[in-house]
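Below: the structure, in structure tokens.
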Amino acid sequence: MSESKSLDQIIEQRIKNAGGFLPFDAFMQAALYEPGLGYYESKTIFGVKGDFVTAADLGPWLSLGFSDLIFWAWQQMGEPAEWTLLEQGGGSGKLLVSTLNMISQFSMKAPSHIISVEHSAQLQDRQRELFARCGFEIELVSSLTELEASENVIVLSNELPDAFPVRCFRWMQNQFFERGVVLGPDGFDWQDADQQLADGPDISRKILDAMPDGYFSEWNPNLTGWQQDLAAVVQSGFVFCVDYGYSQQEYYRPGRVEGSLLAHVKQQVNEDVLANPGEQDITAHIDFTALKQAGEAVGFESLLWMSQGGWLAQSPSVQAFVQSLAGLQDKESMHLMAHAKRMLMPFGMGELFKLLVQSKGLKAGKPGYLQQFDHLDQL
5 MSESKSLDQI IEQRIKNAGG FLPFDAFMQA ALYEPGLGYY ESKTIFGVKG DFVTAADLGP
65 WLSLGFSDLI FWAWQQMGEP AEWTLLEQGG GSGKLLVSTL NMISQFSMKA PSHIISVEHS
125 AQLQDRQREL FARCGFEIEL VSSLTELEAS ENVIVLSNEL PDAFPVRCFR WMQNQFFERG
185 VVLGPDGFDW QDADQQLADG PDISRKILDA MPDGYFSEWN PNLTGWQQDL AAVVQSGFVF
245 CVDYGYSQQE YYRPGRVEGS LLAHVKQQVN EDVLANPGEQ DITAHIDFTA LKQAGEAVGF
305 ESLLWMSQGG WLAQSPSVQA FVQSLAGLQD KESMHLMAHA KRMLMPFGMG ELFKLLVQSK
365 GLKAGKPGYL QQFDHLDQL
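Under the working numbering, the first residue of the sequence shown is numbered 5, with each subsequent residue one higher.
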């Protein structure tokens, strides 16, 4: 019996236990995180041999951008001798290792404590091996809840909340109805609940008034819990979150009538997110307005929101590295520059991916080199 079949049976039983209708977040949780069977628990998913490539696989560009932000944040915290660097959802661990190598070249104190928060046991093993090979002492934990509150914490996350399980809705006759998963004649299928949703998404009235009847999409209830867990760990410090997404107004624009849910397998997009649970990644874009509001409710201040392309293009370390490559014509340099275009340009990842900067427990402005590119007012 195959692992995917075993996972199918687990989900089928959960649908039956739920009375024949399973909210989509429960399906997504099992498909991605079921111990030993879920996508993140059983497959090699990152890099050229995996199902998708993240920014950490495209050269040092993201590490360079994060390094400038970390140096700025360390200065904003008063240049403490003791401080913590925490990455959550780092996957293979490449981004953290690369960033640590970058910041070692800055005139700053090295972090006294380095933490990687990774839920997947398989990915923890990969990180542990990489960290040991590179000579870094990094504490590995499965959840933020395992950590005590600390001052002077800088948090990095790259493509983390897009993998949080989401719930789905249909907007009909001025009401939300949950879309869930049922057992159809050919496998898992979608169905709308009969009853109106009692705990639907918090979407502004102006946006709802523009939604056409029958519009369906999703929302991410786990953003709230994530920000609460972060606030319990970060007494003072910064959070740098990079992910693909939109403001709420853009997320729920009338023309986006089928939401943003997608699956990825073998570096190809698959719109059937219910197919082959455990064999493909499932993601949804981030409503950055909801993320900002969730953070502010637990004491975070949102400082800046902008495109990844604008952020990286203005980062001094990125600019210096581009200049160092400019005069070279060797294959590796040209390869790196091609990746830079993918990371920075609007037709690549530059516009869809965004950076949100949050602070807690201290007075901080915006990074000076990014100030004129800030679009926080759009959230």
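Quick reminder that beta carbons are idealized off the backbone N, C-alpha and C, glycines included.
Excluding sequence positions up to five away, which residues of its chain have a Cβ less than 7 Å from the Cβ of leucine 329?
Position 325 of the sequence shown, counting from 1, holds the residue named residue 329. Cβ neighbours of leucine 329 beyond the five flanking positions: Ser337, Leu340 and Met341.
Continuous beta strand (DSSP E) assignments of at least 3 residues falling wholly in the region 264-347
Counting only runs of at least 3 residues, the region 264-347 fully encloses the following beta strand (DSSP E) elements, listed from N- to C-terminal order: 266-269, 272-274, 285-287 and 305-311.
Count the other CB atoms, across all protein chains shown, that sit within 10 Å of the CB of methionine 4; report buried if there are 16 or more and exposed otherwise.
In the structure as shown, the chain starts at 5 and stops at 383, and residue 4 therefore has no counterpart that could be examined.
With DSSP run on the structure shown, which of helix, strand or coil describes arginine 130?
Position 126 of the sequence shown, counted from the start, is the residue given in the question as residue 130. Arginine 130: helix per DSSP, three-state reduction.
Can at least three beta-carbon pairs, one atom from the region 291-300 and one from the region 29-40, be found at a separation below 8 Å?
No: fewer than three Cβ pairs fall under 8 Å.
According to the Cβ coordinates, are glycine 218 and arginine 174 closer than 8 Å?
The residue you call residue 218 lines up with position 214 of the sequence shown. The residue you call residue 174 lines up with position 170 of the sequence shown. Yes, these two residues count as a Cβ contact at 8 Å.
Do valine 269 and glutamine 252 have their CB atoms nearer than 8 Å?
Residue mapping note: residue 269 aligns to position 265 of the sequence shown, counting from 1. Residue mapping note: residue 252 aligns to position 248 of the sequence shown, counting from 1. It is not a contact, given that the beta carbons lie outside the stated cut-off.
List, from N- to C-terminal side, the alpha helix (DSSP H) runs of 4 residues or more that fit wholly inside the region 206-273.
209-214, 226-237 and 252-255, all fully within the region 206-273.
Terminal residues of the continuous beta strand (DSSP E) containing phenylalanine 173?
In the sequence shown, residue 173 corresponds to position 169, counting from 1. 171-176 is the extent of the beta strand (DSSP E) around phenylalanine 173.
Which word fits valine 185, buried or exposed, when buried means at least 16 other C-beta atoms lie within 10 angstroms of its C-beta?
Here residue 185 is taken as the residue at index 181 of the sequence shown, counted from 1. It counts as buried.
Where do the N-terminal and C-terminal ends of the alpha helix (DSSP H) with leucine 36 fall, by residue?
Numbered from 1 along the sequence shown, position 32 holds the residue referred to as residue 36. Residues 28-37.
Decide if the region 116-127 is in contact with the region 78-97; the criterion is three or more beta carbon pairs, one per stretch, under 8 Å apart.
Verdict: yes, contact present.
For asparagine 162, tell me which candidate among Ala235, Ala324, Glu222 and His289 has the shortest Cα-Cα distance.
Within the sequence shown, numbered from 1, the residue matching residue 162 stands at position 158. Of the candidates Ala235, Ala324, Glu222 and His289, the residue whose Cα lies closest to the Cα of asparagine 162 is His289.
Which value, in whole angstroms, describes the spacing of the CA atoms of valine 238 and isoleucine 14?
Taking the sequence shown and counting its residues from 1, one reaches residue 238 at position 234. Taking the sequence shown and counting its residues from 1, one reaches residue 14 at position 10. If I take the Cα positions, the gap works out to 37 Å.
Evaluate the contact criterion for the region 357-364 versus the region 311-322: three or more CB pairs, one atom per stretch, below 8 Å.
Touching, yes.
Identify whether aspartate 198 lies in helix, strand or coil by the three-state DSSP scheme.
Counted from its first residue, the sequence shown places residue 198 at position 194. Of the three classes helix, strand and coil, the one that applies to aspartate 198 here is strand, per DSSP.
Whose C-alpha, out of Glu222, Arg257 and Pro281, is nearest the C-alpha of serine 264?
Numbered from 1 along the sequence shown, position 260 holds the residue referred to as residue 264. Ranking Glu222, Arg257 and Pro281 by Cα distance to serine 264 puts Glu222 first.
Among Tyr250, Ala279, Phe140 and Pro281, whose alpha-carbon lies nearest the alpha-carbon of asparagine 105?
The count along the sequence shown starts at 1 and reaches residue 105 at position 101. If we check each option's Cα against that of asparagine 105, Phe140 comes out closest.
Please say whether phenylalanine 180 and glutamine 195 have beta carbons closer to each other than 8 Å?
On the sequence shown, position 191 is the one that residue 195 refers to. On the sequence shown, position 176 is the one that residue 180 refers to. Against a cut-off of 8 Å, the Cβ pair of phenylalanine 180 and glutamine 195 comes out as no contact.
Tell me whether phenylalanine 192 sits in a helix, a strand or coil according to DSSP, three-state version.
Numbered from 1 along the sequence shown, position 188 holds the residue referred to as residue 192. Three-state DSSP puts phenylalanine 192 in a strand.
Whole angstroms are fine: how far does the CA of serine 319 sit from the CA of leucine 68?
Mapped onto the sequence shown, residue 68 falls at position 64. Mapped onto the sequence shown, residue 319 falls at position 315. As the crow flies, the alpha-carbon of leucine 68 is around 8 Å from that of serine 319.
Would you decide whether arginine 171 is buried or exposed? Buried here means 16 or more other CB atoms lie within 10 Å of its CB.
Counted from its first residue, the sequence shown places residue 171 at position 167. When all chains shown are included, arginine 171 counts as buried.
Taking serine 67 as part of the alpha helix (DSSP H), name the residues at either end of that continuous run.
The residue labelled residue 67 in the question sits at position 63 within the sequence shown. Residues 65-80.
Here's the rule I'm using: 16 or more other beta-carbon atoms within 10 Å means buried, otherwise exposed. How should valine 273 be labelled?
Sequence index remark: in the sequence shown, residue 273 carries index 269 (1-based). Residue burial annotation: valine 273 is exposed, with fewer than 16 other C-beta atoms found within 10 angstroms of its C-beta.
Could you tell me which whole beta strand (DSSP E) segments of length 3 or greater appear in the region 117-161?
Qualifying beta strand (DSSP E) stretches, in chain order: 117-121 and 143-145.
What is the rounded straight-line gap between the Cα of phenylalanine 66 and the Cα of leucine 99?
In the sequence shown, counting from the first residue as 1, residue 66 sits at position 62. In the sequence shown, counting from the first residue as 1, residue 99 sits at position 95. According to the sequence displayed, residue 66 carries leucine and not phenylalanine. Straight-line measurement puts the Cα of leucine 99 at about 8 Å from the Cα of leucine 66.
Output the distance between the C-alpha atoms of arginine 18 and alanine 34, rounded to the nearest integer angstrom.
Along the sequence shown, read from residue 1 onward, the residue named residue 18 stands at position 14. Along the sequence shown, read from residue 1 onward, the residue named residue 34 stands at position 30. For arginine 18 and alanine 34, the distance between alpha carbons rounds to 10 Å.
Given a cut-off of 8 Å on the beta-carbon distance, is the pair serine 108 and glutamate 86 in contact?
Indexing the sequence shown from 1 puts residue 108 at position 104. Indexing the sequence shown from 1 puts residue 86 at position 82. No, the pair does not count as a contact, with Cβ atoms beyond the cut-off.
To the nearest whole angstrom, what separates the beta carbons of valine 159 and glycine 241, a pair I think is in contact under 8 Å?
Taking the sequence shown and counting its residues from 1, one reaches residue 159 at position 155. Taking the sequence shown and counting its residues from 1, one reaches residue 241 at position 237. Glycine 241 and valine 159 do touch by the CB rule: their CB atoms are close to 7 Å apart, below 8 Å.
Along the chain, where does the alpha helix (DSSP H) containing glutamate 45 start, and where does it finish?
For the purposes of this step, residue 45 is identified with residue 41 of the sequence shown, where counting begins at 1. Run containing glutamate 45: 43-46, per the alpha helix (DSSP H) assignment.
Boundaries (first-last residue) of the beta strand (DSSP E) holding leucine 360:
The residue you call residue 360 lines up with position 356 of the sequence shown. Unbroken beta strand (DSSP E) run through leucine 360: 357-364.
So what's glutamine 179 in DSSP terms, helix, strand or just coil?
Locating residue 179 in the sequence shown gives position 175, where the first residue counts as 1. Three-state result, glutamine 179: strand.
Among Glu254, Pro84, Val243 and Arg137, which one has its Cα closest to the Cα of isoleucine 207?
Reading the sequence shown from its first residue, position 203 is the one you call residue 207. Taking only the C-alpha atoms, the option nearest isoleucine 207 is Glu254.
In the DSSP assignment, the alpha helix (DSSP H) including leucine 99 goes from what residue to what residue?
Your numbering for residue 99 matches position 95 in the sequence shown. Segment 98-107, the alpha helix (DSSP H) holding leucine 99.
Flag this pair as yes or no: are the beta carbons of serine 363 and phenylalanine 292 separated by less than 8 Å?
Within the sequence shown, residue 363 is the residue found at index 359, counting from 1. Within the sequence shown, residue 292 is the residue found at index 288, counting from 1. The criterion of a C-beta distance shorter than 8 Å is not satisfied by serine 363 and phenylalanine 292.
Straight-line Cα distance separating glutamine 128 from glycine 188
Within the sequence shown, residue 188 is the residue found at index 184, counting from 1. Within the sequence shown, residue 128 is the residue found at index 124, counting from 1. Roughly 36 Å between the two C-alpha positions.
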